[in-house]
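Have a look at the structure below before the remarks.
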Amino acid sequence: MKNINNVVGNKSNELELIHSYQDACSNKEFKMYVDSLGIEEEILMKYTSSLEDSYMEYTNCRKCKSLACCKNKVIGYRYTPEKEKNIIKFSYTACKWNLLALKENAYKENLELFDMPIEIKEASLKEVYTDDKSRIPIIKYFKEFMDKYQKKENSKGLYLTGSFGSGKTYLIAALLNEMAKKKTQCALVYYPEFLRSLKSSFQTDYSEKFDFIKKSPVLLLDDIGAENESNWSRDEVLGPILQYRMQNHLPTFFTSNLTLEELELSLATTSSGVDKVKARRIIERIKQLTITMELIGKNRRN
Ligand code: ADP
Ligand code: MG
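Numbering (the numbering used here), first residue to last: 5 to 306.
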């Protein structure tokens, strides 16, 4: 036989649930919200407090104009009820602004950075300064490059030389971000640091690192010429990478503060002596892979 106290206890709990649900429903907007869920009242009644939370987030979302204005507990998400058999489960679902941002940022998955500032993924051709006429031929070249790449025609990359801080890295990154939006995998590599890191990984992941830049469908070697030259970096790293990329028609971009002539001089003189022939060979490969352009301008670094 049931314990009479339990029966009375259960009854009063049930009454409490009904009352608090009815109280909440005195707010017409809340009532309309719960009606719109298409869930039976006997079930709804058990979740009044959570439904009120989800209603609050629902009204926040209705007034919201952007992710930056989000008033919900978890930014970009809405606490949402869903019926499962005879219970309601609440979960956080991404709001429309969050979904839009996720879609807009999806291209970043196609960009591999090596020791480059993360903000470089935001560089955009639309934002490129137009106050400076020296950018116009470069942008024109970018358009031709993208056209050819889409048509699977071979197109040379750029060797972009020019003064410190003129915006070389930003410009090439803006192009590669555009390519990433078209689903092309691109790698942006700060070359001096890459070399240092490669050198210290002989015992570990040397070949993965090496292959990463050798085989990337589109590659930027940023700030070439700023590294300390050695026979190893010239003949065992740069040479084979360029050779592979030439043979496989993989677009390759370079930025440098040095002209090709200056780079040739720098490559010729290593800690082990002078070798003009090997330096020339590298320069010939760069010439095969790129056309040279210059970006001279004021230093835009703060
Ligand atoms: P460089 O590679 O020629 O030394 P950077 O590309 O690093 O120069 O540019 C120098 C600074 O100017 C960086 O902080 C970069 O983010 C900024 N910059 C360059 N071009 C633009 C641009 N079009 N819009 C916004 N910032 C830019
Ligand atoms: Mg740079």
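Where a beta carbon is used, it is the ideal one built from N, C-alpha and C, also for glycine.
Because the structure is a prediction, the values reported are computed rather than measured.
Examine ligand 1 and report whether any of its heavy atoms sits within less than 7 Å of the Cβ of G229. Flag unset: Cβ of G229 not near ligand 1.
- Message: Suppose contacts are defined by Cβ-Cβ distances below 8 Å. Is T165 in contact with E298 by that definition?
- Response: The criterion of a C-beta distance shorter than 8 Å is satisfied by T165 and E298.
Practice prompt. State the Cα-Cα distance for the pair A283 and Y153, rounded to the nearest angstrom.
Written response: Spanning the alpha carbons of A283 and Y153 requires a straight line of approximately 30 Å.
**Prompt:** By the 10 Å Cβ neighbour count, where 16 or more other Cβ atoms means buried, how is M5 classified, buried or exposed?
**Reply:** For M5, the predicted model reports a pLDDT of 48, less than 50, meaning its position is unreliable and no value from the coordinates is stated.
Report task. Take every Cβ of the stretch 216-224, pair it with every Cβ of the stretch 243-256, and state whether three or more of those distances are shorter than 8 Å. Result -> Here the stretch 216-224 lies against the stretch 243-256, with 3 or more beta-carbon pairs under 8 Å apart.
Q.
Just to confirm, is the Cβ distance from Y62 to R82 under 8 Å?
A. Contact check for Y62 against R82 passes: the beta carbons are separated by less than 8 Å.
task: Would you mind stating whether L271 and E233 have Cβ atoms separated by less than 8 Å?
output: Yes, they are a contact pair.
Check for me: the alpha helix (DSSP H) holding Y51 runs from which residue to which? Note, Y51: premise wrong, no alpha helix (DSSP H); not H, not E.
* With 16 other CB atoms within 10 Å as the buried threshold, where does G277 fall? -> Classification for G277: exposed.
field: L104 versus G80, K125, N90, residue with shortest Cα-Cα distance
entry: Measuring C-alpha to C-alpha distances from L104 to each of G80, K125, N90 identifies G80 as the nearest.
Below 8 Å on the Cβ atoms is my guess for L242 versus G161; work out the distance and round it to an integer in Å.
With a contact defined as Cβ atoms closer than 8 Å, L242 and G161 miss out at about 15 Å.
| message | Just to confirm the assignment, what range does the beta strand (DSSP E) spanning R238 have? | response | The continuous stretches of beta strand (DSSP E) do not include R238, and DSSP gives it neither H nor E.
Consider the C-beta atom of R284 and the heavy atoms of ligand 1; say whether any pair is separated by less than 7 Å.
-> In this structure, R284 has its beta carbon at no less than 7 Å from each heavy atom of ligand 1.
Subject >> Helix, strand or coil at G243 [DSSP, three-state] >> reply: In the three-state reduction of the DSSP assignment, G243 falls in the helix class.
Note to self: Tell me whether K203, by its Cβ, gets closer than 7 Å to a heavy atom of ligand 2.
What the structure shows: No.
Three-state class that DSSP yields for S270 in the structure shown | Secondary structure at S270: helix, using DSSP grouped into helix, strand and coil.
task: Mind the definition here: the stretch 112-128 touches the stretch 166-185 only if three or more C-beta pairs lie below 8 Å; say whether that holds.
output: In short, these stretches touch, since the Cβ pair count reaches three.
| task | Using 7 Å as the cut-off, classify the Cβ of Y174 as near or not near the heavy atoms of ligand 1, replying yes or no. | result | The answer is yes for Y174.
Where does F206 sit, in a helix, a strand or coil, going by DSSP? In the structure shown, F206 sits in coil (DSSP, three-state: anything other than H, G, I, E or B).
>> Comparing C-alpha positions only, which one of S30, P244, S54 sits nearest to R289?
In response: For the residues S30, P244, S54, the minimum Cα distance to R289 belongs to P244.
Does at least one heavy atom of ligand 2 sit under 7 Å from the Cβ of T259?
Flag set: Cβ of T259 near ligand 2.
Just tell me which of K130, Y163, E231 has its CA closest to the CA of L223. Closest option to L223, judged by alpha-carbon separation, among K130, Y163, E231: Y163.
Can you tell which of E20, E231, K87, F146 has its C-alpha closest to the C-alpha of V38?
-> Nearest to V38 by C-alpha distance, out of E20, E231, K87, F146, is K87.
key: Pair within 8 Å by beta-carbon distance, N303 and G169   = Yes, these two residues count as a Cβ contact at 8 Å.
DSSP puts E116 in a beta bridge; with which residues?
For E116, which the question treats as bridged, DSSP gives the partners A191.
**Q.** Where S307 sits in the DSSP three-state scheme
**A.** Residue 307 is absent from the model: the chain starts at 5 and stops at 306.
Starting from the C-beta of K93, find all residues in its chain whose C-beta is less than 6 Å away, skip the five residues before and the five after it, and write them out in chain order. Same-chain partners within the cutoff: E86.
Give the DSSP bridge partners of F34, in chain order. Answer is none; F34 lacks a bridge partner.
| said: Bridge partners for L299 per DSSP, in chain order? | reply: Per the DSSP secondary-structure output, L299 pairs in a beta bridge with G166.
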